[in-house]
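So in the UniProt record's numbering, the last spot in the sequence shown is 319, and the numbers never skip.
First up is the structure itself, then whatever we jot down about it.
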Amino acid sequence: MGYVAHNKVFSEEQEQQLSKYITRCSEIYFGVSPKEVRKLAFDLSTKYNLKRPATWLENEMAGEEWFCSFMNRNPSLSVRVAQATSLARATSFNKTNVKAFYDNLQIVMDKHTYEPQDIHNVDKTGVTTVQKPDKVVARRGIRQVGALTSAERGTLVTVAFAVNALGNTIPLLFIFPRVRYHDHFVRDGPVGSIGTANPSGWMQDTSFLVFLEHFKKFSNAFPTHRVLLVLDNHSLHIHINTLDFCKENGITLLSFPSHCSHKLQLLDRSVFGPLKKAINTACDGWMRSHPRKTMTIYDIPGIIKTAMPLAFTQANVQA
Numbered sequence: 001m002g003y004v005a006h007n008k009v010f011s012e013e014q015e016q017q018l019s020k021y022i023t024r025c026s027e028i029y030f031g032v033s034p035k036e037v038r039k040l041a042f043d044l045s046t047k048y049n050l051k052r053p054a055t056w057l058e059n060e061m062a063g064e065e066w067f068c069s070f071m072n073r074n075p076s077l078s079v080r081v082a083q084a085t086s087l088a089r090a091t092s093f094n095k096t097n098v099k100a101f102y103d104n105l106q107i108v109m110d111k112h113t114y115e116p117q118d119i120h121n122v123d124k125t126g127v128t129t130v131q132k133p134d135k136v137v138a139r140r141g142i143r144q145v146g147a148l149t150s151a152e153r154g155t156l157v158t159v160a161f162a163v164n165a166l167g168n169t170i171p172l173l174f175i176f177p178r179v180r181y182h183d184h185f186v187r188d189g190p191v192g193s194i195g196t197a198n199p200s201g202w203m204q205d206t207s208f209l210v211f212l213e214h215f216k217k218f219s220n221a222f223p224t225h226r227v228l229l230v231l232d233n234h235s236l237h238i239h240i241n242t243l244d245f246c247k248e249n250g251i252t253l254l255s256f257p258s259h260c261s262h263k264l265q266l267l268d269r270s271v272f273g274p275l276k277k278a279i280n281t282a283c284d285g286w287m288r289s290h291p292r293k294t295m296t297i298y299d300i301p302g303i304i305k306t307a308m309p310l311a312f313t314q315a316n317v318q319a
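Structural data, given as structure tokens:
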């Protein structure tokens, strides 16, 4: 379906201008929906006094057939689900902030000589006991297809990941939402993993200090062998105990600008997406292998052990 060439409403030049306008709107976080594109096309045809179908006048917008044909003629455009982006993030990621970060990086690299294995990046993410099920094959026409999960709402465990420029991964730190930590919590986790606990299950000052002690062990950081640790700009990373520990053990901290990690943090950009997908798949497999059982926070380390090799590849880490 669509308009044949001799019935096109807009010229190629006019459609190119419309396409550039739509692209620019999405780049500045004010993307237009398909319905708004159709209304915009009607307004443009009115402004340029162009010949158009009668249905456009009745509905005061272009038809769905025109929109489909327009998208086919402009393959650089596609209909996407927009991700919620706060005003702080949208405005903080700018040339000035990014330049300041790379200037600081240059200063640090000039002051100390770091080999690729001495440059590390750390980030944390939450893993819950209720997964997002994968797509399944079912009978056509069914209104709703179900998949088992452990509960309606899951319990979250925070996991800290650290990688170096060679693509190697340091053993993980798990933060459990418990008052006391016991070693059997990470029994099934990746080799070398450790854990800690606090009532919230989120990273806190004391938890980050535990991570730094763990990081020092595997990065061989010493005052005579300095390492660089790139991380988010969070208040817990500049606690006085944290700064003293890093100063005494030859760890240089370099933080990303505020609200810019969604663009500059490599783990967010190329690793955590595949990791979450692999975790969901591993959780589906766990539910099938343990019928009538509920997944708990103590099963998460084993789930991550299964999912990590699929996401923390050298290609993803160095992307």
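Virtual Cβ for every residue (Gly too), placed ideally from N, Cα, C.
Quantities reported herein were computed from a predicted structural model and do not represent experimental measurements.
Reduced DSSP secondary structure (H/G/I, E/B, other) of residue i
i	result
N49	coil
S92	helix
I251	strand
residue 320	Missing from the structure shown is residue 320; the chain here goes from 1 to 319 and no further.
N168	coil
G285	helix
P177	strand
I142	coil
V186	helix
A311	helix
residue 385	The structure shown does not extend to residue 385, since the chain is modelled only from 1 to 319, so the question has no answer here.
F101	helix
A160	strand
I28	coil
M1	In this prediction, M1 has a pLDDT of 48, which is less than 50 and means its spatial position is unreliable; nothing more can be read from the coordinates.
Of the listed residues the options, nearest to residue i (C-alpha basis)
i	options	result
residue 321	V9, P75, V79	Absent from the structure is residue 321, since the part of the chain shown begins at 1 and ends at 319.
R187	E13, N198, F174, P199	F174
S261	T85, Q16, Q318	T85
F70	I22, V191, A138	I22
V79	P116, S45, P34	P34
L77	K111, V32, A100	V32
A319	K263, S289, D284	K263
A282	K247, R140, M295	M295
N198	L57, S11, V157	V157
E152	R143, L172, V130, T46	V130
Residue burial classification, residue i (beta-carbon count within 10 angstroms, cutoff 16)
i	result
T128	buried
Q265	buried
C68	exposed
S291	Before going on, a small fix: residue 291 reads as Pro here, not Ser. Under this definition P291 is an exposed residue.
M1	Its pLDDT being 48, under 50, M1 is placed unreliably in this model, and the value from its coordinates should be taken loosely. Its Cβ having fewer than 16 others within 10 Å, M1 is exposed.
G195	buried
Y298	buried
I28	exposed
A315	exposed
H120	buried
R180	exposed
M109	exposed
H184	exposed
V136	exposed
H259	buried
S150	buried
I300	buried
F30	exposed
Test item: CB-CB of residue i and residue j under 8 Å
i	j	result
P257	L310	no
M287	L148	yes
V229	Q204	Note on identity: in this sequence residue 229 is Leu, with Val being the wrong assignment. It is not a contact, given that the beta carbons lie outside the stated cut-off.
V122	A88	no
G302	G189	yes
R73	E15	yes
K132	V159	no
S255	L231	yes
K305	I251	no
residue 337	L209	Limits of the chain in this structure are 1 at one end and 319 at the other, which puts residue 337 out of reach.
P116	A82	no
F245	L212	yes
V317	G167	yes
I170	F222	no
L44	L18	yes
residue 320	V227	Look at the range of the chain in this structure, 1 to 319, and you will see that residue 320 is not part of it.
F42	E60	yes
N233	D134	no
Min CB distance residue i to chain C below 8 Å
i	result
L229	This model lacks chain C altogether, as it is built from one protein chain only.
Closer than 7 Å: residue i CB and nearest the ligand FAD heavy atom
i	result
V191	As far as ligands go, the structure on display features none, and thus does not contain the ligand FAD.
Subject >> Complete runs of the alpha helix (DSSP H) confined to the UniProt domain "DDE-1" (196-280) [at least 4 residues] >> reply: 205-219, 240-249, 261-264
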